[in-house]
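One structure is given below, encoded as C-alpha cells.
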Amino acid sequence: MNAITRRRMLLGAFGVGGSLAGIVAADRIAKRYNLIPPDCRGVYGPGETLTYAASRVVVGDAPAREFSRSMISKTPFLNEVAPPNDAYKKLQASGWKLTVDGMVAHPLTLTLADLRAMAVGRQITEVSCEEGWSYVAEWIGTPLRGVLNEAGVLPQARYIVYRSTDTNWWDSLDMAEAHHPQTLLTWGMNDGDLPIGFGGPLRMRVPRQLGYKSIKYIASLTATDSMKGFGKGLGSASPEAGYSWFAGI
Amino acid sequence: MPGRPVLGYSRRVSATATTPQTKATRHTALVRVTHWLTFVCFVALLVSGAEIIVSHPQFYWGETGNVNEKPLFNIPIPTSRDTILNGYSYHWPDGNGWGRYLHFQAAWFVVLAGLLYVVVSLINGHIRKDLVPAPTQRSFAAIFDRAKKYLRRAPVDPAEASSYNVLQRWSYLGVIFILFPLLIWTGLAMSPSFTAAFPWTVELLGGKQSARTLHFFATIALVLFFLIHVTMVALSGFRSRLAAMITGRAPQAKESSR
C-alpha cells in the first residue's frame, strides 16, 4: 500500500464517518427545533424537509413583502370555487361562527362581530398561486395570534389546524407561522367586506406561503401537538392530494 | 518541471506520469459524479418545470400577472387547468403536486452537487487550470478560430484530448457561474417565503412575474447548451466520450489505432 492509497483510504473513512455523524447530528437538531414537516416521509421527503428547515432557519419571522396602494390589482383573478355547500349556507344563515378548541385553556366560539372587535390587521400583499399567476390586494382581518392569545394556546401545542366548511379543504400552520403578525383571519378586502368568491366571510391569509394555504370559509381552529389523527396525519389535505404541506416556495 | 501534470487534469495524471499508461485520466471522480448527478437533476427539473408551466403557460412582466392581465407571451398549448383552456376543449390531468415536490427535491440535489463541485474544484485547481481560458484564449478571435475548426471538421489538437478547448472553457464557465446561479436566483425570487427575508432578490428583477419569465428564458438557454453539448459529444465520438465520463479514462491509444 503506497502513501497515496493510504491517504485516500483515510480520507474516505473520515468522509464516510463524518457524513454519518453529520446526518445524525442534523436529525437531532432538526427534531429539537421542530424543523421536520409532517409530510417528511415518502420519496420527496428529503427535499421537502430541506426546504422547510432552510426556510424556517433563513427566513425566520421576516414579513412578507407589502406593496403601495397603487399596486393593488384592478382586476384580481377570482379562482374557481365550488358553489356554497349546505354547511356554508347553514353557518351563514345562523350567523358565521368560528370555534377554537384543542390544546387551549379556554375553548372559544367567536362571531364575526367578536372578531371585528379585536385588534385589526391590514396588509397589502400578493397572492401567489402554485400555478404561477398572482395578484395584489389589501386584506383586512384579525391577526390569528390575537385569537390564539385569547384562547390561551397551551405551550405544548405545535400546530394550529384550520378547516373550511368545504371538508375537502383543511390545513395547518406551525406555531411560527400561526403567531406571525401577518397571518390574518381575513374578513375585509380592498376596503370592503371579503366577497364570497375570495373566501368571504372568513378566510385564512398566510401571505408568506402560496395561495393554497389561504383557505376560504374558515369555520374552526384546533390547537394540537401532533398531526396524528388529522386526516392521514400529513399536516393538511394538500399532501393527501399530492401537494406539499409547506408552501413557502 | 518534472512531475507537473502535462494536461493539468488531475492528481492521478501526475502520480502516473512516470509510468505512462495507455489510458490517461480524463475526468476525475468528482467531475464524473457531479456531472451525472447534475444530468439526472436537469432532466427532473426540466420535466417537472414543463409540468408546472402547463398549468399556466402565460408569461408576464412586472409584479403581478393573471388571466385578467395582458401576458408578455403565451405558449399556445393545452393546459392542465380548466380556468385557462388556451383555445382547446380539454385539459391535462393536474400534476403540479408531484411536479413541485420533484422540482424542489431535484433543485436541492443539483445545488448541493454544484456547491461540492465548485468548492473542491476551486481548491484543487481544476477551475483555474481547466476552465479559466489561457491569456491567448481571451479574445473573440480565439473563439471564432476554434469554431471554424469545428465547422471544417479539422483534426483535433492533441492537447484537447485531455483538457477543454477554448469554446468548452467559455461555455462551461458561463453555465456554471452565470446560468446556474441565474436559475437559482430567479427560482428563489418567486418564493413568497424567501423574498420575505430577501426582498431585493425579486425587486432587482422587476417583480415576481419578471422573475418567473426570466427563469423560463434561462431554462431555454440551458436547454440550448444541453443540445449543443450532446451534439458536440456525438461529433467527437459519442461512445468514447460517454465512456470517459463514466470510467474517467480516455481510450486514446485504442481509438487512434482503430
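Top to bottom, those sequences are chains A and B.
Taking my numbering, the leading residue of the first sequence gets 7, the next gets one more, and so forth.
Taking my numbering, the leading residue of the second sequence gets 2, the next gets one more, and so forth.
No residue lacks a Cβ here, since even glycine has one placed at the ideal position from N, Cα and C.
> Could you give the distance in angstroms between the alpha-carbon of Glu132 (chain A) and the alpha-carbon of Leu114 (chain A)?
Replying inline: Distance from the CA atom of Glu132 (chain A) to the CA atom of Leu114 (chain A), rounded to whole angstroms, is 31 Å.
> How many angstroms separate the CA atom of Glu246 (chain A) from the CA atom of Val49 (chain A)?
Replying inline: Cα-Cα distance, rounded: 14 Å.
> For Gln106 (chain B), which of B:Tyr173, B:His127, B:Gly126, B:Val41 has the nearest alpha-carbon?
Replying inline: Checking every option, the nearest Cα to that of Gln106 (chain B) belongs to B:Val41.
> In chain B, what lies closer than 8 Å to Val64 (chain A) by C-beta?
Replying inline: Within chain B, the residues near Val64 (chain A) are Phe195, Ala198.
>> When you compare the CB of Trp186 (chain B) with every CB in chain A, is at least one pair closer than 8 Å?
In response: So, not an interface residue.
> Going along the chain, which unbroken runs of the beta strand (DSSP E) with 3 or more residues stay wholly within the region 168–226 of chain A?
Replying inline: Look at the region 168–226 of chain A and you find these whole runs of beta strand (DSSP E), each 3 residues long or longer: 176–180, 190–195, 209–211.
>> At the level of alpha carbons, what is the spacing between Arg101 (chain B) and Thr11 (chain A)?
In response: Spanning the two alpha carbons is a distance of roughly 43 Å.
> Helix or strand or just coil, what does DSSP make of Phe267 (chain B)?
Replying inline: This structure does not reach residue 267 (chain B), given that chain B is present from 2 up to 259, and the question cannot be answered.
> Can you tell me whether DSSP reads Gln106 (chain B) as helix, strand or coil?
Replying inline: In the structure shown, Gln106 (chain B) sits in a helix (DSSP, three-state: H, G or I).
> Comparing the C-beta of Gln22 (chain B) with each C-beta of chain A, is any distance below 8 Å?
Replying inline: Because Gln22 (chain B) sits at a pLDDT of 44, beneath the cut-off of 50, its placement in the model cannot be relied upon, and the following sentence gives the value as read from the coordinates. False, the Cβ-Cβ gap to chain A never drops below 8 Å.
>> Can you confirm whether Pro52 (chain A), when its beta carbon is compared against all beta carbons of chain B, has any partner nearer than 8 Å?
In response: With 8 Å as the cut-off, Pro52 (chain A) counts as an interface residue toward chain B.
>> Please state the DSSP three-state secondary structure of Thr23 (chain B).
In response: Bear in mind that a pLDDT of 47 at Thr23 (chain B), under 50, signals an unreliable position, so the model cannot answer this.
>> For the pair the region 117–134 of chain A and the region 223–242 of chain A, tell me if three or more CB-CB distances fall below 8 Å.
In response: The region 117–134 of chain A is not in contact with the region 223–242 of chain A.
> Can you name the start and end residues of the alpha helix (DSSP H) that Val231 (chain B) belongs to?
Replying inline: Taken as a continuous stretch (DSSP letters only), the alpha helix (DSSP H) holding Val231 (chain B) covers 209–236.
> How about Glu64 (chain B): is its C-beta nearer than 8 Å to some C-beta of chain A?
Replying inline: Glu64 (chain B) belongs to the set of residues whose beta carbon lies under 8 Å from a beta carbon in chain A.
> Rounded to whole angstroms, how far is the Cβ of Ser140 (chain A) from the Cβ of Ile221 (chain A), which I believe are closer than 8 Å?
Replying inline: The pair is not a contact, with the Cβ atoms about 18 Å apart (cut-off 8 Å).
> Looking at the C-beta of Ser103 (chain B), does it have a partner C-beta in chain A at a distance below 8 Å?
Replying inline: For the sequence presented, residue 103 (chain B) should be read as Leu rather than Ser. A Cβ of chain A is located within less than 8 Å of the beta carbon of Leu103 (chain B).
>> Cutting at 7 Å between CB atoms, please list the residues of its own chain near Tyr173 (chain B), excluding the five before and the five after it.
In response: A distance below 7 Å between beta-carbons, with the five flanking residues on each side excluded, links Tyr173 (chain B) to the following residues of its chain, in chain order: Leu132, Tyr165.
> Should Asn97 (chain B) be labelled buried (16 or more other beta-carbon atoms within 10 Å of its own) or exposed?
Replying inline: When all chains shown are included, Asn97 (chain B) counts as buried.
> If we ignore side chains and look at the alpha-carbon of each, how far apart do Leu189 (chain B) and Thr148 (chain A) end up?
Replying inline: Rounded to whole angstroms, Leu189 (chain B) and Thr148 (chain A) show a C-alpha spacing of 30 Å.
>> Once DSSP output is grouped into helix, strand and coil, what is the label at Ala251 (chain B)?
In response: If DSSP states are grouped into helix, strand and coil, Ala251 (chain B) belongs with the strands.
> With respect to the beta strand (DSSP E) encompassing Arg128 (chain A), which residues constitute its N-terminal and C-terminal limits?
Replying inline: Taken as a continuous stretch (DSSP letters only), the beta strand (DSSP E) holding Arg128 (chain A) covers 127–134.
> The beta strand (DSSP E) spanning Ala162 (chain B) covers which residue range?
Replying inline: For Ala162 (chain B), no beta strand (DSSP E) encloses it, and the DSSP letter there is neither H nor E.
> When you compare each of B:His127, B:Pro58, B:Arg82, B:Asn75 to Leu31 (chain B) by their alpha carbons, which one comes out closest?
Replying inline: Selected option, being the one with the closest Cα: B:His127.
>> If I follow the unbroken beta strand (DSSP E) through Ala119 (chain A), where does it start and stop?
In response: Note, Ala119 (chain A): premise wrong, no beta strand (DSSP E); alpha helix (DSSP H) at 118–123.
> According to the neighbour-count rule (16 or more other Cβ atoms, all chains shown, within 10 Å of its Cβ), is Arg170 (chain B) buried or exposed?
Replying inline: Arg170 (chain B) should be labelled buried.
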